[in-house]
Amino acid sequence: MKLKNSYFYTLREDAKDEESTSGNLLVRSGMIKKVGAGIYMYLPLGYKTLNNIMKIIKEEMDNAGAQELLMPSLIPSEYYEKCGRVAIFGDDMFNLKDRYNKAHVLGPTHEELFTIAAKAMVKSYKDLHFTLYQQADKFRDEPRPRYGLIRVREFIMKDAYSFDKDEEGLDVSYLNMKNAYNKIYDRLGINYKIVRADNGAMGGSLSEEYQAITDIGEDVLVLCKDCDYASNLEIAQTVSSLQQDEEEKEIEMVHTPHQATIEDVCKYLNIDVKHSVKALLMNADGELVICFIRGDRELCENKVCKVLGIRELNFANDELIATSNAVPGYTGPINLNAKVIIDNEILQMKNFCCGANKEEYHYINANVKDINYDIVADIVNVQEGDKCPHCGGELYFKKGIEIGNLFKLGTKYAENLGLTYLDENNKENVVIMGSYGIGPGRILASIVEQNNDENGLILPMSIAPYQVALVQIDMKNDEQTAIAEQLYQELLQNNIEVIYDNRDERPGVKFKDMDLIGIPLRITIGKKITDNLVELKERRNKEQSDIKIDEVVEKVKQIIKDNLK
RNA sequence: CGAGAAGUAGCACAGCUUGGUAGUGCACUAGUUUUGGGAACUAGGGGUCGCAGGUUCGAAUCCUGUCUUCUCGACCA
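Under numbering that gives the first Met the number 0, the first sequence has 390 at position 391, and the numbering climbs by one with no breaks.
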């Protein structure tokens with residue numbers, strides 16, 4: 000592409016309404032433009048880059064034997080009602096009415112329609128298995144869009160769905176997709192981790208996420224220093240590192256005046272916080288539930304929801320608390336008339352400190368035999384330094400952005416929508432499904448988060464909209480123009496995407512722009528052509544060398560080849 | 001939805017406290033000089049000051065409401 004008479008602009012200053020590195024750089028480089036909160040245009044440069052990502056995804060999906068199709072975004076609500084997902088998604092789904100007052104949604108994900116599509120074709124076990132996919136728009140009414148392309152309300156998603164006759168088949172399909180995913184993310188040049196994850200609104204058994212490692216990640220990843228254990232914090236199992244061999248002592252009530260927090264109480268009583276138990280008074284769908292966990296731990300709301308089979312957990316208000324004898328600040332698991340969940344770890348604790356359900360009093364030397372509870376479960380978040388549930392090694396955290404996922408869905412959608420087949424014995428069975436998502440926009444944002452410097456983006460060869468920038472220093476110099484034109488044609492003939500900056504700008508402007516938009520290679524055509532030389536510079540490592548004009552295309556081809564290995 | 005911040009030219013901002021008819025830098029147009037890391041000078045063009053009410057002789061400025069955007073939280077496949 001020649002820049003003169005093309006749509007191309009960059010911004011010299013930071014965008015006021017984009018705080019994240021990737022959002023800001025993508026806007027400044029003229030790749031995207033905000034239309035509203037979480038709604039963006041992909042401008043030519045950005046769309047070309049996004050397309051390169053989608054092309055890699057398509058190639059690997061096709062290689063894996065998946066078939067591409069296209070689903071509508073506008074869908075009658077009834078499809079989502081059949082699987083109960085109108086309630087599950089709630090306000091997260093865009094709902095609208097047509098002129099006849101019929102309810103429709105803008106599809107937030109497409110399990111239902113793919114199930115319907117499969118139903119049109121599947122009759123016999125001989126029709127299974129197969130995998131379908133699309134790369135199409137998704138709509139989600141996010142409560143708070145943020146970080147540029149990371150959390151948006153309309154976005155393209157690659158979603159694939161596998162259909163099998165049994166669990167063994169699903170295992171094969173799942174692994175097939177996982178292998179394809181590994182190839183995709185490796186080709187994209189992104190720094191990622193695969194972690195175990197929650198199934199959330201999708202339902203089903205196994206789920207894994209592909210997480211791009213970045214500091215602005217919204218997910219916490221729990222990783223092990225010694226083995227390959229990797230889990231999303233939401234579901235990471237806690238293994239207590241407590242080892243208390245001491246004798247159980249006699250429980251004792253002590254006066255603890257004006258000690259508001261568990262830290263204060265422990266300080267006052269000169270007790271390690273790890274030897275205390277604190278209470279969290281929660282509202283579980285309108286019912287008071289009191290959770291007891293070790294004093295220095297954090298409640299994992301997601302785990303509590305699962306244990307109770309509810310969707311949402313909030314802190315209880317005073318009214319709800321008043322339905323029990325709990326005394327905020329002094330609540331303890333002894334003689335408490337409310338539903339009580341204690342964390343697993345408490346079973347191992349000895350002679351701990353806890354509230355006495357009495358203003359200004361706590362117990363010390365409490366033990367499991369002294370307390371009353373309804374449920375024991377793992378309800379806390381893992382902490383850094385905890386033991387790995389696989390190997391006992393030390394756990395540490397990283398932040399990640401979810402850029403892809405794999406779900407073993409099971410039969411939820413097939414059952415609700417009647418997707419069945421006849422087996423060898425003429426018996427009707429339900430099809431078993433898997434679903435597999437990738438967010439190309441998030442991938443773009445994550446790659447930018449991971450690859451930038453003070454001058455702008457540094458795009459990997461695999462997704463860069465142009466692999467080479469041709470910068471001609473003096474547009475009035477006919478010799479330079481002739482050489483630039485010659486190189487431009489030669490590069491194109493070698494199937495190399497090239498951006499030729501033939502604008503009447505000063506060299507500094509051209510250098511800054513090509514750096515900002517992150518083109519991996521730059522050929523500068525300037526004074527040295529009198530010696531038959533041009534300059535070749537790599538964006539990533541800033542290495543620059545003089546190369547003979549008739550050798551530069553070969554050199555570029557070599558570097559591109561090395562980069563795409 | 002809770003808390004905070006911000007909406008003035010294409011972009012980034014000043015002006016608002018103390019009301020008097022809108023300004024700076026970049027970008028844009030023309031010219032001159034420049035020309036290897038975001039050039040300099042000269043002369044220009046471009047604004048219903050987010051929107052709607054109100055106070056006032058007069059509102060970007062004061063008051064009320066409302067919309068939008070960002071940040072933290074809540075939430076989130």
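Built from N, CA and C at the ideal position, the CB exists for glycine as well. The model shown is predicted, which means the values in this text are computed figures rather than measured ones.
My guess is that His361 and Val264 are in contact by the Cβ rule of under 8 angstroms, so how many angstroms apart are they, rounded? 6 angstroms
Pick from Glu358, Lys547, Leu49 and Glu414: whose alpha carbon is nearest that of Leu447? This sequence places Val at residue 447; Leu is not what is there. Closest option to Val447, Cα to Cα, is Leu49.
Note the first and the last residue of the continuous alpha helix (DSSP H) segment covering Cys304. Glu300 to Leu307
Option in Tyr78, Leu10, Thr130 and Asn313 with minimal Cα separation from Met60: Thr130
What span of residues does the alpha helix (DSSP H) with Tyr79 cover, start to end? Glu77 to Lys81
What distance in whole Å lies between the Cβ atoms of Leu174 and Val194, which are believed to be in contact at a cut-off of 8 angstroms? So it is not a contact: roughly 17 angstroms between Cβ atoms.
Name the two residues that bound the continuous beta strand (DSSP E) containing Asn364. Tyr360 to Ala365
Glu414 to Ile155, Cα distance in whole Å? 28 angstroms
Thinking C-beta only, is Ile524 closer than 8 angstroms to Val467? no
What's the gap between the Cα of Glu274 and the Cα of Leu312? Per the sequence presented here, residue 274 reads as His, with Glu not at that position. Roughly 26 angstroms between the two C-alpha positions.
Is Ala278 near the ligand SAH, in the sense that its beta carbon is under 7 angstroms from a heavy atom of that ligand? Inclusion of the ligand SAH in the displayed structure is not the case, the ligand content being empty and no account of it being possible.
When DSSP builds the beta bridges, which residues end up paired with Gly354? His361
By the DSSP assignment, the beta strand (DSSP E) with Met419 in it spans what residues? Residue identity check: residue 419 is Thr in the sequence provided, not Met. Residues Thr419 to Leu421.
Look at Ala376 and Ile340 and say whether their C-beta atoms are less than 8 angstroms apart. yes
In the DSSP output, which residue or residues are listed as bridge partners for Phe314? Met281
In terms of residues, what are the limits of the alpha helix (DSSP H) holding Phe129? Note, Phe129: premise wrong, no alpha helix (DSSP H); beta strand (DSSP E) at Phe129 to Phe138.
Just to confirm, is the Cβ distance from Val552 to Asn493 under 8 angstroms? yes
Pop quiz: Glu233 and Asn404 are said to be a contact at Cβ under 8 angstroms. What is the actual Cβ separation, rounded to whole angstroms? Rounded, the Cβ-Cβ distance is 13 angstroms, inconsistent with contact.
Beta bridge counterpart(s) of Tyr209 as assigned by DSSP: Ile193 and Gly403
Counting along the chain, where does the alpha helix (DSSP H) carrying Cys265 start and finish? Ile261 to Leu268
Counting C-beta neighbours from all protein chains within 10 Å, is the total for Ile472 16 or more, i.e. buried, or is it exposed? buried
Who are the Cβ neighbours of Gly64 in its own chain at under 7 angstroms, not counting the five residues just before and after it? Thr130
Going by beta carbon distance, what residues of the same chain come within less than 8 angstroms of Leu68, once the five residues before and after it are set aside? Ala116, Leu131, Tyr132 and Gln133
When we look at the beta-carbon of Arg143 and count the other beta-carbons within 10 Å, is it buried (16 or more) or exposed? exposed
Could you tell me the alpha carbon to alpha carbon distance between Ile189 and Ser445, rounded to whole angstroms? 8 angstroms
Cβ contact (3+ pairs, closer than 8 angstroms) linking the segment 21-28 and the segment 449-457: yes
Starting from Ile55 and walking both ways along the alpha helix (DSSP H), at which residues does that stretch end? Pro43 to Asn62
Given 8 angstroms as the limit, is there contact between the segment 37-44 and the segment 233-247, that is, 3 or more CB pairs closer than that? no
To the nearest whole angstrom, what separates the beta carbons of Ser434 and Tyr160, a pair I think is in contact under 8 angstroms? 5 angstroms
So the candidates are Gly216, Ala481, Leu222 and Ile149; which of them puts its Cα closest to the Cα of Asn531? Ala481
Let me make sure I understand the geometry here. Which of Leu418, His109 and Asp385 has the alpha-carbon closest to that of Asp295? Asp385
Own chain partners of Asp90 with C-beta closer than 7 angstroms, once the 5 adjacent residues on each side are dropped: Asp140
Do you know how far the Cα of Glu12 is from the Cα of Lys33? 16 angstroms
Do you know offhand how far Thr213's Cα is from Lys398's? 6 angstroms
Give the DSSP-derived three-state secondary structure of Lys349 in the structure shown. coil
Relative to the C-alpha of Leu515, which candidate in Asp16, Lys1, Gly45 and Glu286 has its C-alpha closest? Gly45
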